[in-house]
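One line per chain: the protein sequences are A, B, C, D, E and F, in this order. In terms of our numbering, the first sequence opens at residue 4 and continues consecutively. In terms of our numbering, the second sequence opens at residue 4 and continues consecutively. In terms of our numbering, the third sequence opens at residue 4 and continues consecutively. In terms of our numbering, the fourth sequence opens at residue 4 and continues consecutively. In terms of our numbering, the fifth sequence opens at residue 4 and continues consecutively. In terms of our numbering, the sixth sequence opens at residue 4 and continues consecutively. Just so you know, even glycine gets a beta-carbon here, dropped at the ideal spot from N, CA and C. A quick note: this is a predicted structure, and the numbers were derived from the prediction, not measured. Please read the structure below before turning to the comments.
There are 6 protein chains.
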Amino acid sequence: MEILDKISQPRFLDIPTFMRLPYLPYEGNYYDIDIGLVGVPYDGAVTNRPGARHGPRAVRDASSLMRMINTATGVNPFEGLDIYDIGDIYPDRPFNIEEALESMSKQFKAVHEAGIVPLSCGGDHSISLAALRGIASERPVGMVHIDAHCDTSEGHLGSKFHHGAPFSNAVKEGLLDPKRCIQIGIRGPLNDPDLWKFSYDSGMRVITMQEFESMGINYVKQEIDRVIGNGPTYITFDVDGLDPVYAPGTGTPEVGGLTTREALSLIRHIKCKDIVGGDVVEVSPPWDQTGNTAMVGATFMYEILCIIAQGMQSG
Amino acid sequence: MEILDKISQPRFLDIPTFMRLPYLPYEGNYYDIDIGLVGVPYDGAVTNRPGARHGPRAVRDASSLMRMINTATGVNPFEGLDIYDIGDIYPDRPFNIEEALESMSKQFKAVHEAGIVPLSCGGDHSISLAALRGIASERPVGMVHIDAHCDTSEGHLGSKFHHGAPFSNAVKEGLLDPKRCIQIGIRGPLNDPDLWKFSYDSGMRVITMQEFESMGINYVKQEIDRVIGNGPTYITFDVDGLDPVYAPGTGTPEVGGLTTREALSLIRHIKCKDIVGGDVVEVSPPWDQTGNTAMVGATFMYEILCIIAQGMQSG
Amino acid sequence: MEILDKISQPRFLDIPTFMRLPYLPYEGNYYDIDIGLVGVPYDGAVTNRPGARHGPRAVRDASSLMRMINTATGVNPFEGLDIYDIGDIYPDRPFNIEEALESMSKQFKAVHEAGIVPLSCGGDHSISLAALRGIASERPVGMVHIDAHCDTSEGHLGSKFHHGAPFSNAVKEGLLDPKRCIQIGIRGPLNDPDLWKFSYDSGMRVITMQEFESMGINYVKQEIDRVIGNGPTYITFDVDGLDPVYAPGTGTPEVGGLTTREALSLIRHIKCKDIVGGDVVEVSPPWDQTGNTAMVGATFMYEILCIIAQGMQSG
Amino acid sequence: MEILDKISQPRFLDIPTFMRLPYLPYEGNYYDIDIGLVGVPYDGAVTNRPGARHGPRAVRDASSLMRMINTATGVNPFEGLDIYDIGDIYPDRPFNIEEALESMSKQFKAVHEAGIVPLSCGGDHSISLAALRGIASERPVGMVHIDAHCDTSEGHLGSKFHHGAPFSNAVKEGLLDPKRCIQIGIRGPLNDPDLWKFSYDSGMRVITMQEFESMGINYVKQEIDRVIGNGPTYITFDVDGLDPVYAPGTGTPEVGGLTTREALSLIRHIKCKDIVGGDVVEVSPPWDQTGNTAMVGATFMYEILCIIAQGMQSG
Amino acid sequence: MEILDKISQPRFLDIPTFMRLPYLPYEGNYYDIDIGLVGVPYDGAVTNRPGARHGPRAVRDASSLMRMINTATGVNPFEGLDIYDIGDIYPDRPFNIEEALESMSKQFKAVHEAGIVPLSCGGDHSISLAALRGIASERPVGMVHIDAHCDTSEGHLGSKFHHGAPFSNAVKEGLLDPKRCIQIGIRGPLNDPDLWKFSYDSGMRVITMQEFESMGINYVKQEIDRVIGNGPTYITFDVDGLDPVYAPGTGTPEVGGLTTREALSLIRHIKCKDIVGGDVVEVSPPWDQTGNTAMVGATFMYEILCIIAQGMQSG
Amino acid sequence: MEILDKISQPRFLDIPTFMRLPYLPYEGNYYDIDIGLVGVPYDGAVTNRPGARHGPRAVRDASSLMRMINTATGVNPFEGLDIYDIGDIYPDRPFNIEEALESMSKQFKAVHEAGIVPLSCGGDHSISLAALRGIASERPVGMVHIDAHCDTSEGHLGSKFHHGAPFSNAVKEGLLDPKRCIQIGIRGPLNDPDLWKFSYDSGMRVITMQEFESMGINYVKQEIDRVIGNGPTYITFDVDGLDPVYAPGTGTPEVGGLTTREALSLIRHIKCKDIVGGDVVEVSPPWDQTGNTAMVGATFMYEILCIIAQGMQSG
């Protein structure tokens, strides 16, 4: 397989595309491929520390550490599948949040209509709403969501759209089936006792760090299976679901999160064969002094890629 | 509640008081409030890396991440209690360690006499002695002490006072009841086989990392309950009790410490209703390249605040 | 003078207000004072690296290094003037750039109407437009502008407002008299040969780094005198006017800028007695690994304060 | 014991020899001592990020934190043993990898022939081959190997020697008995499904992170006992066996590794009395922004020293 | 012009090719273009701190700050010329310095034979020898060389090739005409009083920092004109020619070097129309905490590109 | 000369003594040598940011960049002189400033009585007083003093000794002849208009940055000659005399200082043959993210060494 030549070279060589894959950006249309790794360098929806717009470049650079075979699961995602770096999605008018989301949604739609399953690298968490608008307009999908925050809040600072509200909006827009959504790693002090109310009321399965610790990881894996089943499912990985020592480079860190080993184990467990897309978001390089967050971001993109691929390969 | 307005704003706004609380520093006397968050930027007693004098500013800045409700325990510490940032305690004559401690002790006394329970942010660990002199002169108190070091050593470098000896001095001064003291997270190589002797001989309960790992965290929680009971108790949290990856910004790091999740679980467990004060010490910003130590310091101040508050609220 | 007590204490003590001045934020109205130091933590208009929203906190912290008397000029700005930290100006609706600017403009108007001369700390350079709307609506003012960029460009990315266009908009809105504006330190490669056209066409005096070097600093000082004369004048200092080694923590650095000594000399030279306001902008802490940019920002706030004050003191 | 005087001084004093031990470098011959701590600042065999040549200086500096008594195990390695810092081993001709290894091998031979058990600080992992050539030419030895990588690959980039192949070469050269070798912490995606083949085929016991997690640490300890028995054994600790949060300063990090507590527990468990040498490798200071990797490196050198010493002391 | 579309986008978008130019790497042969920007990520010849292998990626990333028109000189290098990022040159056998240089020399030869003028980004300074072998085998060329070191030393550590000797070797191989070589910025303490002897004896013009300061920059510019004349000339820019505050990210820093403004002025002065190639070397990202070195590297690549281009455009 | 062997090795090798000189620490007495490089890791007298206690180790490490011959002046300080690293001077009782100074003074006395000219590496500036007590008790000496601050203030925070007052105390103790003292680089805002009064009143020559710039460096060199003449003279170099971009790692930075090139030129100019000692102080590694301050410190130690040596060599 040709990809091997490139990714067996020294990691510091050449242009950093995602995982050193060939680069096939949008040029009037997208190529006909299976999975597209796409950067979404938009952070106009953050409420605290900005910088995630620089995430895709940093993750692309770090992703040269990724290789062909997932030794933990045996999956080779490149086996029989066309996987490319398809460039960046970025809004025409980034200074207006509604227009920005609309613009990115259209671009995700084009990816989806080209038959490409998108695996995005944010950008802030608002980009998941744009991705879901592109992917899930035909029918609501389920979701595995690793994060410190539910991201199902109401409007904030005069806007119903922001990086703390993509999934309440997605449910309201009919893009997510809340009964098939599971949120893991939730924690941190709140101002409003009702902030997680939308998640609970809509029927999402919320697993706080307290429940995670008291019930154990195997129980959580079973809950993932139970909640998402085999229907179409989106995987979204906010790096702040991890403890800040693993992912300091992010905008809204919360002490006391998942370890990378726990999160790897959760993602690798996913058995659903119909993964319609995924993302890794909130990697903010200016706060990532050691570069570990970018490396973690690249690693989880690879792990989610393996899950998407094994579904396709088994199909 | 008015506090909510302030702490629901973007976190980068305005002056960084502790947890964005109103600022009521000493001005001839202290106001009549319930709990006072106080900075103690003194690091004249360190034996290795200095810098903890810059701790209070860094922790105040990071503490804007804190919010109202502890979602793990349900506690809202601000419910029915007057909690303020009461400014800094700092010695008049910092260049002489004995005079410095004496000066700070008097200031803590004034806080105590104003009926305020102090929750301090150091500074090095010597400030706990000053705090105990202010709080515990009426009767010895118990202590939950998380740290890599027992801090009960003898004199060093020509001084009986230094940041490795606050608690031997406190016992000798009648401020601590060693039978009601528990020290958790103790580790690291020693020069003197008798360095921990004071702790053992005086009857403190010393839980090394080896015992922590072999007996398990639930056992340790039971030991906390058993040792401190319901009497008056001080909580002191040296960030070097954590592994250095969680708290690199400290003066005497020791590899192999507690995780933040373990420490959160220990603090949240404390059931004693009579917490007479607390502190978070040894946050040293010049060694805290990622800012994680300051964020951890702010988080643990919040968690200790919740413990103090729930005792008062239940009273 | 009372201020002396505070600013002669150790610099790491207490809450970091600007220059350790008393804190008098807006509470329904502003107090009646002479000069107000104000944070404007808005960076929603940047086109490259974000982070200037964190500028005011970092500059406030660094500004504890500032003291009473300017030993280079002999000015004591606090002599006979009421100078305070008046808190932050921040938009209600930060996610929409037009609304954000409008909101900040109103707040600057309130400062101005309270008779306070504002000296702002950004935030990105778009905040200067908001400040000028607050200050200069009665008549256009002149400007001393130190920057790598003219910031007089046209619309970009679908918005006529952004941090590269405050001064073309200000001229169009009648807030600046371009004939009384001088821009110093201009450099860097351009995409559009006409990008500086607005500055030239409107009659601003543009001094590129090439002209600065070939004509010498004394000539530039004479040009400042000649251009601004004695009319009402605004001083705006973008830290990227300095070479990036002096101010790495900024969003759009350009190699080959002013040294701090050159910029200090330029600011100290200003003889105009009618300075209506000023700002230091584009300090972006997440890119300021050494903290030097924040310290430089604080230093230039102090120097501009001295210029404002000496005009008032001589009045 | 005289050593105590030195290592009870403040840690920032004097010249940083390993653990503040007396310095007895090679001067025509080596002194007659028991254990020699030796720096090997060679990184000419790395395939990704260089910098481990700066490891020995950084680890020596950090090792001032080490002290006399291992409080976890009770061992005092300095009791009855002559332990010194014996300086550095460095090749005459570093620009040619084969000559470099040959030169270092001869120097290790001289250490061995002087009756000194070497405990090395790399440098990259290729130095283990040089050390084994010096120590194990009489008969093959066993090995406890903690690492993310098996380091038993074939030639790469035109060289059969590089930092990913010391142990396949060592087996082929008759220096290691693969049946008595155990590799722990192995993980990370691979390009070649057969990359670990040499380890498996030769009979090494490979414990991946997946097996480590599923079987548990006590099982792994039993496997160490079973595999190495009581024969002559080398201990090699590549800091990338740890998760990158504990050891960011290394050349080939892999997310999802051992915690320091797990690794400490493994090393402290080693019961074999015949440890013929050991090393800590791949500490790369230019990537170690927090200095934690150097501190971890020093800590594990101390722990391995205790294991070597307790074997000698019991002999 | 098509290039404008790309380079007027936000700088954080898409794949970082040099200056956001189209990417046309070697694929069996090179395309027929005018100037090729090429990465040479080889640092196997350094004698002190490694890391320059990571230079090309960092400089490519920073080079997104570059734009079309050089406002200092008016040059638009892209006007009428085909300029591309032509990928990386890297040796097949990096572990042997002689083979590595030979391999890179052949690749530079292929660039040259395709009619492309190479502008390289190192890598260490040994790559200049490889470039000269590719470009100058027909006849010796002149050189403008900015550096702290003459790089004309003899063999070191058993190798006649290393990053301190490319130009003595180039003279001996008939690639450089020493009478047409000028070296500027030379400084730093030496071990061997004869270390610069080759430069002097062969007739190179060596301008130390002392001479630079005493004679002034205009004199140095005249010397450049005088020495290189109008013959074929290579421009090599070692970032350590700058003072370390401008370029901390390098392997052999020497205090007291050129400012970026001085160096910009020198490069912009070059009037020779026959520039046969150029390079910027010794950018070492792991030591470049602020990223300023990479930005400086990108800036000087752009300035050298303008000099090369204006020669071609005038031809 | 034997020293050459050591200092021509790769710079990362072996134990970092100052300039890789042989190490001859005090062991009951000092050896009989000419010049002793000595670390003084005491920072108990700082008033702002601590950390200079870590200066000697960092400067020793960086000083491996130094070599034999000063190419700017032609001096080889090692020619005919015995120069060694004589270890550290550190107080027995560091927690009491008066006792600490007394203890260090005695140790400097012992160096002086052994006939060694000390060249110290601080530590904070209070160590100069200890050095002068050791060197100058026989008669007052002159001084070349490069610094941002006069360091001749009165008592502060309850102590007449602190790092802002060594030279007022030295004059009062009869150790300095103020008429033969010159202070260069003075700047920064003051609280007390009389803070520099002692310098002026006692007759020291104070050259502020304003005077430095307006009169020019050649005038300042003449003033050095005029003030110190040929009498016994001490050279003290506080790295905060430099602009903070050159020396960020220091405790009391002031924007707008000397460049390294200016300071090199000043030191190299010193013609006095009777230099009785010197120091480089206030290098504070925890604030020195790039390591440039340590490198600058090492460079200025070398330059002062050359001045001391050329006096001795000419004698």
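Return the residue from the list the options that minimises the CA-CA distance to residue i.
| i | options | result |
| --- | --- | --- |
| residue 270 (chain F) | F:146, F:161 and F:174 | F:146 |
| residue 249 (chain B) | B:202, B:236 and B:302 | B:302 |
| residue 62 (chain C) | C:299, C:115, C:306 and C:312 | C:299 |
| residue 20 (chain C) | C:125, C:66 and C:13 | C:66 |
| residue 148 (chain C) | C:58, C:187 and C:76 | C:187 |
| residue 211 (chain D) | D:309, D:205, D:191 and D:48 | D:191 |
| residue 162 (chain C) | C:17, C:47 and C:16 | C:47 |
| residue 50 (chain F) | F:152, F:310, F:263 and F:297 | F:152 |
| residue 274 (chain D) | D:296, D:251, D:246 and D:318 | D:318 |
| residue 140 (chain E) | E:13, E:174 and E:307 | E:174 |
Could you give the DSSP three-state label for residue i: helix, strand or coil?
| i | result |
| --- | --- |
| residue 321 (chain D) | Here chain D comprises residues numbered 4 to 318, so residue 321 (chain D) is not present and cannot be evaluated. |
| residue 200 (chain C) | helix |
| residue 190 (chain A) | coil |
| residue 275 (chain E) | coil |
| residue 163 (chain F) | coil |
How close, in whole Å, do the beta carbons of residue i and residue j come, if the pair is a contact with beta carbons under 8 Å?
| i | j | result |
| --- | --- | --- |
| residue 115 (chain E) | residue 154 (chain E) | The Cβ separation is near 22 Å, so there is no contact. |
| residue 261 (chain D) | residue 74 (chain A) | Not confirmed; about 16 Å, so no contact. |
| residue 286 (chain A) | residue 242 (chain A) | 6 Å |
| residue 130 (chain D) | residue 89 (chain D) | Wrong, their Cβ atoms sit about 15 Å apart, outside the cutoff. |
Leaving out five residues before and five after residue i in sequence, what residues of the same chain have Cβ atoms less than 6 Å from its Cβ?
| i | result |
| --- | --- |
| residue 42 (chain F) | 59, 91 and 124 |
| residue 133 (chain D) | 104, 107, 108 and 111 |
Please work out which residues of its chain come closer than 7 Å, Cβ to Cβ, to residue i, disregarding the five sequence neighbours upstream and downstream, and give them in chain order.
| i | result |
| --- | --- |
| residue 265 (chain E) | 220 |
| residue 268 (chain D) | 220 |
| residue 315 (chain F) | 37 and 84 |
If I measure Cβ to Cβ from residue i and keep anything under 8 Å in the same chain, skipping five residues before and after, which residues do I get?
| i | result |
| --- | --- |
| residue 144 (chain A) | 135, 138, 178, 179, 180, 183, 234, 235, 236, 237 and 279 |
| residue 297 (chain E) | 58, 61, 62, 64, 65, 252, 286, 288 and 291 |
Establish whether the CB of residue i and some CB of chain H are separated by less than 9 Å.
| i | result |
| --- | --- |
| residue 221 (chain C) | Given the protein chain composition of this structure (A, B, C, D, E and F), no chain H is represented. |
_For the structure I just gave you, are there three or more beta carbon pairs, one from the segment 75 to 90 of chain E and one from the segment 34 to 49 of chain E, closer than 8 Å?_
yes
_Cβ contact (3+ pairs, closer than 8 Å) linking the segment 196 to 205 of chain A and the segment 220 to 234 of chain A_ = no
*asked:* Three or more C-beta pairs under 8 Å: does that hold for the segment 273 to 280 of chain F against the segment 234 to 242 of chain F?
replied: Touching, yes.
*Contact the segment 11 to 27 of chain C vs the segment 102 to 112 of chain C: 3+ CB pairs below 8 Å*: no
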